[in-house]
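With positions in the sequence shown counted from 1, the corresponding number in our numbering is that position plus 2. Backbone N, C-alpha and C fix where the C-beta goes; we use that ideal spot for every residue, glycine too. Being a predicted model, the structure only gives us computed values, none of them experimental. The block underneath contains the structure these notes are about, expressed in structure tokens.
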Amino acid sequence: MIKNMKKLNVLYLFSILFSISISQEMDTKLNNSRMGLYISPSINFIATDLKNIETNSNPGVVYGYAFEMPLSINHYLESGFAISYKGGGIEDDGPSVKDYKVQYLTLPVFMKMRSRQVGYFHYFARIGPSLNFKIKEVISSDENAKGAIIDISIFLGAEYSLGGATSIEGSIFYNNNITNAMNNIDALFHQLGLRVGFLF
């Protein structure tokens, strides 16, 4: 009985120490985390398998809030939320062009790989999926956009240090829509653009 109690006490003590260690590690990561705002002007275009049509691009934009937490010296986990404007145009044999303009609430989860500091700069690559929920649509046809789509995004860019953890960043990006964006036709909403942001 006494031996069992000793084993339970040792196990209990080990659990407490492990919990404290994990808590301290998480506190350190949260203390070293950063947040910021960004805006991303883009070119929207549609990819489709439909025959005898032409697709047109239109301007778009993404703006939002970012939160990044360090996983190691050179790896970060980034999330947040954004408002995204996607779409494009489809021109078929008819006299008119069908315009697709859809607004989404975007929830990304990115892995950011950042170089060591070179002068005032860090260079980075960012990649990961985003879940997009439709907020509003303006479509000049009878088709409707799906309520949710998934993107895979890749960024290449640099950060310029303003001192401490504060920096400005710029990157080029490509958003690759991997799930059908429309209910009645096969169409994917892609984006190519420039992201500019401020982190602190």
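For this session: Please determine if the stretch 84 to 96 and the stretch 114 to 127 are in contact, where contact requires at least 3 C-beta pairs separated by less than 8 Å.
Result: no
Exercise. If you follow the beta strand (DSSP E) that V198 is part of, which residue opens it and which one closes it?
Worked result: L190 to L201
Exercise. Since E145 sits in a beta bridge, which residues does DSSP pair it with?
Worked result: Its beta-bridge partners do not exist; DSSP assigns none.
For this session: Taking 8 Å as the cut-off, decide whether the C-beta atoms of S59 and I45 are in contact.
Result: yes
Problem set entry | Rounded separation between A160 and D101 - CA only | 34 Å
Problem set entry | Nonlocal neighbours in the same chain, by C-beta distance under 8 Å from N185, ignoring five residues either side | E145, N146, A147 and K148
Exercise. Can you list, in chain order, the residues of its chain whose CB lies under 8 Å from that of P43, leaving out five sequence neighbours each side?
Worked result: P61, G62, V63, G195 and L196
Exercise. N182 by DSSP, collapsed to three states: which one?
Worked result: coil
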